[in-house]
Structures are given as C-alpha cells and as structure tokens.
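In full-length UniProt numbering, the protein residues as written are 1 to 267. Working notes for the structure below.
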C-alpha cells in the first residue's frame, strides 16, 4: 500500500471557531453592560452596602445561618443513616416505615414544613410540661423543619452508598459469624463513606441556601436580618445585595471544602 505524500494530504479546517468566539464576545458584552448598569444605578447606594456588610445584625444572621446549616446536617445525617438502615432491613415494617417517611418529607415543600412547626401550638397548645410556644421557638421550628426534611434526602444518599458496597462482602462477613450490625459498621460504612462524601458536599450547599426560607417565620438567619434592616431604612436592593454577597462567600467556601473531600474520597 502506498501512503499519500504530505503535499497531497487535505487540510481540514476547524469549523465554527468564529461562531464560538462571536457568541462568547456577545455574552461578555452583555454581562459587562449589566454590571456597569447596576454599578452606576442612581438607585443603588454602595455606601449602604459597605456599611451593612459587616454590621452587627448581618453578622448575627450569618452566624445563625451557619448554626442552622450544621445543625440541619447533623440531624439529617443521624436520622438519614437510621432510615437508610431501616430501608435495607429485612424487617418489612421497618422498610415500609422508612419508605413512608422519605415519601412524605420529600413530597411536602420545605417552606410548608417550616411554617407547620412554627404554628404547632395551633394543633397542640401545650406539650404537657410547657406551653408549645415557649418550647417551639422560631429557631427550633426552623431546625426541625430543615432537619427532618433533609433526613429524607440524606437517607437516599446514604442508601446509595450502602448499595455501592458489593453484597458478597457482607455475605462473607455473616458466614464467619459477624452480626449484620457489626458487618455494616466494620465493612459497609468505611467503604460507602467515599461514595457518600461527594454528594454530601452538594447537599451541604443546598442546606446552606435553604436556610433562607427560615425568613418566613423570622428565624434570625441572614435573610431575616436583611429583611429587618431594610424594613427600617427602606434600602431593599442594597440589603438584598449584602445578603447575596454573604451567600456567595459561604457557598464558595463550602465549594472549596467539597473539593478537598472529593480529592480525599478519590485517593
């Protein structure tokens, strides 16, 4: 077989190169125009944004948002792990109970759950040892709503991690006399955690942003504090941009942490 000489080979030019650059230029121009328009708007007071970005009420809201986020994650992990093990159980009652919980709490919107817990006193005025309103504060109502809701999603993530471990390893552990609980603790959990961690990072970001829904009951989070401030000075857009800036900072830090977790899980 005779190969073509270099001078007879046809040069195939890349197509669409100019179009891609054109679309990119249009997008950059549009974003730049929007940024300049917002930055130079006479209705936006940048001094107010600077004054309130690190102000006491806003920082208190940031702190409450972080506490709610980590508390929700803790409740979700503990309850989600229990639900995941129940769904994997050979006991049909446990499996049905776990499936029913997941179906209900994933089906009802989060804001409805938060408002329900906040208004629990309308259903149960007293809890026996104290008045319901004295126990179910806005913060506790927010934590219950967020935590119970998140447990339903984390249960599915954890269950997926369990299923990633080959069934044969568990069967082998049972044949040498291990109980199912011990096999889960010593064999399944150490391996499944590497599957669970990356998804857990994404869920953490969703929880962080979901805390903004607590503002409907005045839970003291970042969004609640921003609303309280602009309710007094009427600088609505400025305070919304302050809240936006803080959410972006927190989500960015969470994303950095997620990358470290993903690298550790892949190692």
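Note that CB positions come from ideal geometry on N, CA and C, so glycine has one too.
Which residue or residues does DSSP assign as beta-bridge partners of residue i?
i: residue 126; result: 131
Are residue i and residue j close, meaning C-beta to C-beta below 8 Å?
i: residue 154; j: residue 77; result: yes
i: residue 196; j: residue 169; result: no
i: residue 73; j: residue 142; result: no
i: residue 162; j: residue 192; result: yes
i: residue 199; j: residue 157; result: yes
i: residue 137; j: residue 120; result: no
i: residue 173; j: residue 164; result: no
i: residue 23; j: residue 222; result: no
i: residue 128; j: residue 205; result: no
i: residue 71; j: residue 105; result: no
i: residue 262; j: residue 201; result: yes
The alpha helix (DSSP H) with residue i in it runs from where to where?
i: residue 106; result: 92-107
i: residue 225; result: 222-233
i: residue 147; result: 138-163
i: residue 214; result: Here residue 214 belongs to no alpha helix (DSSP H), and DSSP marks it neither H nor E.
Would the beta-carbon of residue i be found less than 7 Å away from any heavy atom of the ligand SAH?
i: residue 259; result: Absent from the structure shown: the ligand SAH. Ligands present: none.
Consult DSSP for residue i and reduce its assignment to one of helix, strand or coil.
i: residue 51; result: helix
i: residue 166; result: coil
i: residue 171; result: helix
i: residue 120; result: helix
i: residue 184; result: helix
i: residue 89; result: coil
i: residue 83; result: helix
i: residue 44; result: coil
i: residue 177; result: coil
Any 3 or more C-beta pairs closer than 8 Å across the segment 111-119 and the segment 208-228: By the Cβ criterion, the segment 111-119 is in contact with the segment 208-228, since at least three pairs of Cβ atoms, one from each stretch, lie closer than 8 Å.
query: Are the segment 53-70 and the segment 223-230 in contact at 8 Å, needing three or more beta carbon pairs?
result: Yes: at least three Cβ pairs fall under 8 Å.
query: Does the count of Cβ pairs from the segment 234-249 and the segment 85-103 closer than 8 Å reach three?
result: Contact between the segment 234-249 and the segment 85-103 is absent: fewer than three C-beta pairs spanning the two stretches fall below 8 Å.
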